[in-house]
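Novice:
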Amino acid sequence: MADCLFCAIVAGTVPAFKVIDVPSGVGFLDIRPVFKGHVLVVPRQHVVTLPELPSSDLAEYFGLVQRVTAAVPPALGAQGTFVAINNVVSQSVAHLHTHVVPRTKGDGLRGFFWPRTKYASDEEAADYAAKIASELG
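Residue 131 in numbering that gives the first Met the number 0 is what sits at position 132 of the sequence shown, and the numbering runs on without skipping anything.
(1) Where G11 and T80 are concerned, what is the direct C-alpha to C-alpha distance, given to the nearest angstrom?
(2) Excluding sequence positions up to five away, which residues of its chain have a Cβ less than 7 Å from the Cβ of A7?
(3) Sorted by chain position, which residues of the same chain lie with C-beta nearer than 8 Å to S23's C-beta, five sequence neighbours on each side aside?
(4) Mark A119 as exposed unless 16 or more other C-beta atoms lie within 10 angstroms of its C-beta, in which case mark it buried.
(5) Work out the CA separation of V25 and V9 for me, nearest whole Å.
(6) Got a sec, what are the start and stop residues for the beta strand (DSSP E) F27 sits in?
(7) Helix, strand or coil for A83 per DSSP?
(8) What runs of the alpha helix (DSSP H), each 4 residues or longer, lie entirely inside the stretch 49 to 107?
(9) Contact defined as beta carbons within less than 8 Å: I believe R102 pairs with Q65. What is the distance between those atoms, to the nearest angstrom?
(10) Using 8 Å for Cβ pairs, my map puts V71 next to G36. What's the rounded Cβ distance?
(11) Which residue's Cα is closest to the Cα of V47: R109, S133 and V87?
(12) Assuming L4 and H98 make a contact with CB atoms under 8 Å, what is their CB distance in whole Å?
(13) What does DSSP give as the partner residue(s) for I19 in the beta ladder?
As structure tokens, this is what we get:
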């Protein structure tokens, strides 16, 4: 897609600090990282959200995400990673991308992405579960 920043990075017409460039996608540093070494992994094809990614591409795409997730801790001396995908809300670029953020115990990141809440009752929780289960068929 001509006006998509991530498509331009994949095509090589916009520079990025790439960490991997393979047929299943591209990984590059986020220019506004949560922590240094924060990588964005994108599929080569332009899709906006995870549900739009063809199921035939899931294994290769998530295989790439898995490779990056495995590489970040030893490469950076981190203890682990935080892996996340936004779909529409908080998605600053309308191209599917998976965040792989290096994490170390005590790094200060605490629930900053998701404020927590509680269900009013087990019945309310069961109702939410039933609605989602129904949608899944």
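C-beta atoms are modelled at their ideal positions from N, C-alpha and C, and glycine is treated no differently. Just so it is clear, the structure is predicted and the values come from calculations on it, not from any experiment.
Specialist: Result, derived from the coordinates:
(1) Those two C-alpha atoms are separated by around 27 Å.
(2) V13.
(3) Excluding positions up to five away in sequence, the list reads P42, R43, D56, E59, Y60, G62 and L63.
(4) A119 should be labelled exposed.
(5) Between V9 and V25, the C-alpha separation is close to 6 Å.
(6) G24 to L28 is the span of the beta strand (DSSP E), which, as asked, contains F27.
(7) Collapsing the DSSP output to three states places A83 in a strand.
(8) The stretch 49 to 107 is shown to contain whole alpha helix (DSSP H) runs of 4 or more residues at 54 to 75, in chain order.
(9) Going by Cβ atoms, the distance from R102 to Q65 rounds to 16 Å, so no, they are not a contact pair.
(10) Yes, they are in contact, since the Cβ atoms of V71 and G36 sit about 6 Å apart, within 8 Å.
(11) Here the closest residue by C-alpha is V87.
(12) Between L4 and H98, the beta carbon gap of about 15 Å keeps them out of contact (Cβ cut-off 8 Å).
(13) DSSP, once it has assigned bridges, lists G26 as partnering I19.
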